[in-house]
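Trainee: This structure is in structure tokens; I'll ask about it shortly.
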């Protein structure tokens, strides 16, 4: 964590000092913090340090005052990053019956966990998946111009702003709703477009590719996707990584 502030501009660092964290939680997978300006940030843990945050202020992390405020807080409270055993490895070797037995016993004695369990598993999706799927298809159709008709190449410039907004805002909202598998499906479609033959006369491809990589880097640090899913997302970035 040493030296993190050198990657953030001075104005952002100064603004961070005026913020107050009202709630903070480390659930072993990510840190979730709420601020006195009603902003919320979620940042996955990478090597016991926060990495690639999802903040609803929609700033990139090196211009995000909330990320800077969180890092200042972590420096003062290092116990927040206390390392635990690798949860994914433990789950991978534990039997299904043992996990269910443990969960049943905990639910019987822990009312807070029981409420969270019921909220998570007894309700339908917290988001309208049809809305997001249609929105992404509409964005893709914007790129089906003359290059697509003649050569099968998407015109990326025509859908750059909407696709960038989809990665920054819509994917973030989907992740915050806990719909990780749905986020995986959408990211897979976006990755295939970026890795396909496209027509672009600006830096739109590089900007979108960088945002895509940051998103899957952050998602890959959670336990919500299987290793095969993470591998499938990264398999779309072979060409992208060569060009960044």
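Numbering (my numbering), first residue to last: 9 to 252. Backbone N, C-alpha and C fix where the C-beta goes; we use that ideal spot for every residue, glycine too.
Between the region 98-109 and the region 69-86, do at least 3 Cβ pairs fall closer than 8 angstroms?
Mentor: Too few Cβ pairs lie closer than 8 angstroms, so no.
Trainee: Could you spell out where the alpha helix (DSSP H) holding residue 224 opens and where it closes?
Mentor: 212-228 is the extent of the alpha helix (DSSP H) around residue 224.
Trainee: Who does residue 34 pair with in a DSSP beta bridge?
Mentor: The partner list for residue 34 (beta bridge, DSSP) reads 39.
Trainee: Going by Cα to Cα distance, which pick from 184, 201, 197, 211 is closest to residue 227?
Mentor: Of the listed residues, the one whose Cα sits closest to residue 227 is 184.
Trainee: Taking the alpha helix (DSSP H) that residue 170 belongs to, which residues open and close that run?
Mentor: Where residue 170 is concerned, the enclosing alpha helix (DSSP H) stretches over 168-173.
Trainee: So, for residue 12: in the same chain, excluding its five sequence neighbours on each side, which residues have a beta-carbon less than 6 angstroms away from its beta-carbon?
Mentor: Once the five neighbours on either side are set aside, the close Cβ partners of residue 12 are 79.
Trainee: Just reading off the alpha helix (DSSP H) that residue 109 is part of, what are its end residues?
Mentor: Taken as a continuous stretch (DSSP letters only), the alpha helix (DSSP H) holding residue 109 covers 104-117.
Trainee: Taking residue 183 as part of the alpha helix (DSSP H), name the residues at either end of that continuous run.
Mentor: Its alpha helix (DSSP H) spans residues 179-184.
Trainee: So what does DSSP say about residue 61, is it helix, strand or coil?
Mentor: Of the three classes helix, strand and coil, the one that applies to residue 61 here is coil, per DSSP.
Trainee: Can you list, in chain order, the residues of its chain whose CB lies under 7 angstroms from that of residue 44, leaving out five sequence neighbours each side?
Mentor: Cβ neighbours of residue 44 beyond the five flanking positions: 27, 28, 30.
Trainee: Look at the alpha carbon of residue 162 and the alpha carbon of residue 175, and state the distance between them as a whole number of angstroms.
Mentor: Between residue 162 and residue 175, the C-alpha separation is close to 18 angstroms.
Trainee: What does the Cβ neighbour count give for residue 166, buried or exposed, with the cut at 16 atoms within 10 Å?
Mentor: Buried, since its Cβ has 16 or more Cβ neighbours within 10 Å.
Trainee: Alpha carbon to alpha carbon, how far is residue 200 from residue 170?
Mentor: Rounded to whole angstroms, residue 200 to residue 170 spans 17 angstroms at the Cα level.
Trainee: Alpha carbon to alpha carbon, what distance is there between residue 186 and residue 127?
Mentor: Roughly 12 angstroms between the two C-alpha positions.
Trainee: Three-state secondary structure (DSSP) at residue 83?
Mentor: Three-state result, residue 83: helix.
Trainee: Alpha carbons only, please: which of 42, 62, 49 is nearest the one belonging to residue 223?
Mentor: Considering only alpha carbons, the answer is 62.
Trainee: Just to confirm my understanding: we take residue 34, look at its own chain, exclude 5 residues before and 5 after, and list those with CB closer than 6 angstroms. What are they?
Mentor: These residues qualify, in order along the chain: 88.
Trainee: DSSP on residue 135, reduced to helix/strand/coil?
Mentor: Residue state, collapsed to three classes: coil.
Trainee: In whole angstroms, what is the alpha-carbon distance linking residue 86 and residue 22?
Mentor: Their backbone Cα atoms lie some 22 angstroms apart in a straight line.
Trainee: If residue 135 sits next to residue 182, beta carbons under 8 angstroms apart, how far is it from one beta carbon to the other, in whole angstroms?
Mentor: Yes, they are in contact, since the Cβ atoms of residue 135 and residue 182 sit about 6 angstroms apart, within 8 angstroms.
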